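Read through the structure below, which is laid out as structure tokens, and then see the notes.
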Amino acid sequence: MGKKEIIKKEWNDAAESWVDFVRKGKDYYRDELNNPATFKLIGDVRGRIVLDLACGEGYNTRILARKGAKVTGVDFSEKLIELARRQEAKEKLGIQYRVLNAADLKKFSSNHFHLVTCFMSLQDIEDYEKAISEVTRVLRNRGRFVFSIPHPCFETIITNGKRTSATKRYFETVKYPVKWKMERLAKPFRTTSFHRTLTNYFDALYRSRLFVSRLIEPKPTQKGLLKHPQLREVLVKPQSIIVESIKCAHSN
Ligand SMILES: C[S@@+](CC[C@H](N)C(=O)[O-])C[C@H]1O[C@@H](n2cnc3c(N)ncnc32)[C@H](O)[C@@H]1O
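Whatever position you read off the sequence shown (first residue = 1), add 144 for our numbering.
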């Protein structure tokens, strides 16, 4: 099995436990930290044509659709897309799901989407530069690419079995295993992530003519802090960044 296939298999194997984690409100970093800030930034999507890249089982894809967007969700995990489709059969929101690698979006024509979202996934996408250049291609001129990732300055990297803070080896770009083993998971699982620097991401955006318009380091909601006091650590050390960039096509 090739390296890319292994990363995909990890997500296929994680799918059932991931669905339980996300849909049963156990992912409070999503519900009380990242989603409130990201959807505030995204704003009104009524009537917009939206691509949700690396959409997983579609939790945020469904939020976009409920807000009135015409949404397509893509992910390379067949299992996650199958679970997303099953949910679409129960709650018909008109979402189209496709099994696709984020680095190869040739199924979509150029200049098609008003907005591309990528929620907490770019750090897991091996060929992120190709994915970003594909995002530019499928976006309309002045369309937006909004993504969130774990904060590259503060994430925890695992190398040779040892947990290290990115503050100690920030400039090393490494691929590392993520061991999901919190008690609240139905079953532990393992995935793969890539530590990259802010420069890596912002250079890739710049090369693809995506110009950064906003950067947000979200803080937890008051309700979230009361329900999950663990979130207090995010008041002093950000957990994630949310980036909005805009496609500026050549004028000539
Ligand atoms: C942390 S999950 C986030 C899923 C979803 N965006 C959400 O917010 O629930 C990361 C997702 O990235 C997907 N992924 C990783 N590499 C990918 C690739 N090269 N192409 C498409 N999807 C990919 C995984 O299958 C997984 O669904």
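We put the CB at the ideal spot given by N, CA and C, even for glycine.
On a predicted model such as this, the values are computed, not experimentally measured, just so you know.
Problem - Close-in-space but distant-in-sequence residues of the same chain around N179 (CB under 6 Å, 5 per side omitted) - result: none
Exercise for the section: Provide the residue(s) that pair with I150 in DSSP beta bridges, ordered along the chain. Expected result: DSSP, once it has assigned bridges, lists no residue as partnering I150.
Practice task
With L375 as the anchor, note down where its alpha helix (DSSP H) starts and where it stops.
Solution key: Counting along the chain, L375 falls outside any alpha helix (DSSP H), and DSSP gives it neither H nor E.
Handout entry: For P294, the three-state DSSP class (helix, strand or coil)
Key = Of the three classes helix, strand and coil, the one that applies to P294 here is strand, per DSSP.
Problem - K148 versus F220 - alpha carbon distance - result: 10 Å
Problem - Where the beta strand (DSSP E) through F220 begins and ends - result: Careful: F220 lies outside any beta strand (DSSP E) and carries neither H nor E.
Handout entry: Option nearest Y345 by Cα separation, candidates R206, I269 and C392
Key = I269
Problem - Residue environment, C392, which counts as buried when at least 16 other CB atoms sit within 10 Å - result: exposed
Exercise for the section: Say yes only if the C-beta of G217 is nearer than 6 Å to one or more non-hydrogen atoms of ligand 1, and no if none qualify. Expected result: no
Exercise for the section: Provide the residue(s) that pair with W155 in DSSP beta bridges, ordered along the chain. Expected result: DSSP, once it has assigned bridges, lists no residue as partnering W155.
Exercise for the section: Can you have a look at P362 and say buried or exposed, based on whether 16 or more other CB atoms are within 10 angstroms of its CB? Expected result: buried
Practice task
Report the three-state DSSP secondary structure of V356 (helix, strand or coil).
Solution key: strand
Practice task
Compare the Cα-Cα distances from K250 to each of V279, D188, P332 and P364 and report the closest residue.
Solution key: V279
Exercise for the section: Using three-state DSSP, classify N245 as helix, strand or coil. Expected result: Correct three-state label for N245: coil.
Handout entry: 8 Å contact criterion, which G238 and G217 should meet: CB distance rounded
Key = Contact flag wrong, Cβ pair sits at about 11 Å.
Exercise for the section: Return the first residue and the last residue of the alpha helix (DSSP H) that L208 is part of. Expected result: For L208, the enclosing alpha helix (DSSP H) starts and ends at Y203 to R210.
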